[in-house]
Amino acid sequence: MIQWYPGHMAKATKEIEKNLKLVDIVLELVDARIPLSSRNPELKKMLKKKPSLILLTKSTLADPKDNQRWLNILKSENENVLLVDAITNYNVNNIEKEARRILADKIKKDEAKGIKRNTIRMMIVGIPNVGKSTLINSLVKRKAQEAYNMPGVTKEVKWIRINENLDLLDTPGVLWPKFDDQEVAKKLALTRAIKDSIYQEQELSVYLLEFLKEYYPDLLKERYDVSLELCNYEILKEIALKRGFFKADDIDYDKAAVAVLADFRNMRIGRITLDK
Ligand SMILES: Nc1nc2c(ncn2[C@@H]2O[C@H](COP(=O)(O)OP(=O)(O)O)[C@@H](O)[C@H]2O)c(=O)[nH]1
Ligand SMILES: [Mg+2]
Numbered sequence: 005m006i007q008w009y010p011g012h013m014a015k016a017t018k019e020i021e022k023n024l025k026l027v028d029i030v031l032e033l034v035d036a037r038i039p040l041s042s043r044n045p046e047l048k049k050m051l052k053k054k055p056s057l058i059l060l061t062k063s064t065l066a067d068p069k070d071n072q073r074w075l076n077i078l079k080s081e082n083e084n085v086l087l088v089d090a091i092t093n094y095n096v097n098n099i100e101k102e103a104r105r106i107l108a109d110k111i112k113k114d115e116a117k118g119i120k121r122n123t124i125r126m127m128i129v130g131i132p133n134v135g136k137s138t139l140i141n142s143l144v145k146r147k148a149q150e151a152y153n154m155p156g157v158t159k160e161v162k163w164i165r166i167n168e169n170l171d172l173l174d175t176p177g178v179l180w181p182k183f184d185d186q187e188v189a190k191k192l193a194l195t196r197a198i199k200d201s202i203y204q205e206q207e208l209s210v211y212l213l214e215f216l217k218e219y220y221p222d223l224l225k226e227r228y229d230v231s232l233e234l235c236n237y238e239i240l241k242e243i244a245l246k247r248g249f250f251k252a253d254d255i256d257y258d259k260a261a262v263a264v265l266a267d268f269r270n271m272r273i274g275r276i277t278l279d280k
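Take any residue in the sequence shown, count from 1 to its spot, add 4: that is its number in our numbering.
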């Protein structure tokens, strides 16, 4: 049984809480393919009353129907949420607009008290590999590339000036993924939020193939032309046979598994959402 590590989370929590005081809004990055499994429930407690915006990242890799479904689910839970993609820049331009909408009341109140505040400060948080650095780059690339220092709590904190009214903390907060069940752990491994080595490639690929058989039978058939009557390792075996993967005279299950995982991660199977 794999477990998450409370030690990591405690360190991340301290780091995030320290920086939280410096910003107006937190951008919580969540992988659109696993909008449940890639969230850490501890963040809610950390945020206290700090406004937040969930960004469903890598949304062009996820199933469009599920993107809409998760958007609705999260909105029904009173979350602010936006589908984005930092590679295609989908909706990256709308992040500021959405942040201003969320903060509109607070800005108005501050201004009524005579506090002038045009500038919004944001920070990005999320689990490993969710796309934090890529989104920062995408935001920076579109705008000025100025970085400057301002005193933080314990040391100088680096900010990136996105435009004259928008500052981004240049170091993202790393949340540790939380998983106490094997299914979540496998989804995290498939999307590379946790290391591959935690699972045997065969076990992981068989999990994915079974998942595809249940939710994306057409995509499974299209990519591998396997019989949907097969299950578990039989599917992997069929793929190895069709591709001619042999090791000496034996079927090379490992090679087939590596191929399937690479196909998924490089979107050669199709747009797939793992959290249903
Ligand atoms: N297709 C796609 N890939 C992304 C996106 N954001 C990040 N990636 C890829 O995901 C991997 C991890 O991204 P990175 O920004 O390093 O994640 P971080 O660990 O959260 O900083 C990299 O290979 C990125 O190219 C996205 O919006 N769309
Ligand atoms: Mg990074």
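For glycine and all other residues, C-beta sits at the position ideal for the given N, C-alpha and C.
*Helix, strand or coil for TYR237 per DSSP?*
Numbered from its first residue, the sequence shown carries residue 237 at position 233. Residue state, collapsed to three classes: helix.
*Going by beta carbon distance, what residues of the same chain come within less than 8 Å of GLU150, once the five residues before and after it are set aside?*
Translated into the one-based positions of the sequence shown, residue 150 becomes position 146. Low confidence applies here, because GLU150 scores a pLDDT of 43, under 50, leaving its location unreliable and the question unanswered by this model.
*In three-state DSSP terms, what is PHE250?*
For the purposes of this step, residue 250 is identified with residue 246 of the sequence shown, where counting begins at 1. Three-state result, PHE250: strand.
*Cα separation between ILE281 and THR17?*
Because the chain here runs from 5 to 280, residue 281 falls outside it and cannot be looked at.
*With DSSP run on the structure shown, which of helix, strand or coil describes ILE106?*
Start at 1 with the first residue of the sequence shown, and residue 106 comes out as number 102. Note: ILE106 maps to helix in three-state DSSP.
*Might you give, ordered along the chain, the residues of its own chain that have their beta carbon closer than 8 Å to the beta carbon of SER231, omitting 5 neighbours on each side?*
In the sequence shown, residue 231 corresponds to position 227, counting from 1. Short of 8 Å from the beta carbon of SER231, and not among the five residues preceding or following it, lie these beta carbons of its own chain, in chain order: GLU242.
*Supposed close pair LYS225, PRO45 - CB separation, criterion 8 Å*: For this step, residue 225 is matched to residue 221 along the sequence shown. For this step, residue 45 is matched to residue 41 along the sequence shown. About 37 Å; that fails the 8 Å criterion.
*Just jot down, in chain order, the residues whose CB lies closer than 6 Å to any heavy atom of ligand 2.*
The answer, residue by residue, is LYS136, SER137.
*Could you tell me which of ASN95, GLU218, ALA244 sits nearest to GLU233, measuring between CA atoms?*
Within the sequence shown, the letter at position 229 stands for residue 233. In terms of Cα proximity to GLU233, the closest of ASN95, GLU218, ALA244 is GLU218.
*Express the C-alpha separation of LYS246 and PRO132 in angstroms, rounding to a whole number.*
If you number the sequence shown from 1, residue 132 lands on position 128. If you number the sequence shown from 1, residue 246 lands on position 242. If you draw a straight line from the Cα of PRO132 to the Cα of LYS246, it is about 35 Å long.
*Whole beta strand (DSSP E) runs in the segment 18-98 with 3 or more residues, listed along the chain?*
DSSP assignment within the segment 18-98 yields the following whole beta strand (DSSP E) runs of 3 residues or more, N-terminal first: 29-35, 56-61, 85-87.
*Please name the residue, chosen from MET50, ARG73, GLU83, SER41, that lies closest to ILE58 on a Cα-to-Cα basis.*
Residue numbering aside, residue 58 sits at position 54 when the sequence shown is read from its first letter. For ILE58, the closest alpha carbon among the candidates MET50, ARG73, GLU83, SER41 is that of GLU83.
*Exposed unless 16 or more other CB atoms sit within 10 angstroms - verdict on THR123*: For the purposes of this step, residue 123 is taken as residue 119 along the sequence shown, with counting starting at 1. Exposed, by the Cβ-count rule.
_Beta carbon of TYR220 nearer than 9 Å to that of ILE273_ = Stepping through the sequence shown from its first residue, residue 220 is reached at position 216. Stepping through the sequence shown from its first residue, residue 273 is reached at position 269. Yes, the Cβ-Cβ distance between TYR220 and ILE273 is below 9 Å.
*Among ILE77, ASP70, ARG227, which has the Cα closest to the Cα of LEU265?*
Within the sequence shown, the letter at position 261 stands for residue 265. Cα-wise, what sits closest to LEU265 is ARG227.
*In chain order, what residues of the same chain have a beta carbon less than 7 Å from the beta carbon of ARG43, not counting five sequence neighbours either side?*
Indexing the sequence shown from 1 puts residue 43 at position 39. VAL34.
*In the DSSP assignment, find the unbroken alpha helix (DSSP H) run with LEU212 in it and report its ends.*
As a position in the sequence shown, residue 212 is number 208, starting the count at 1. Per DSSP, LEU212 belongs to the alpha helix (DSSP H) from 205-219.
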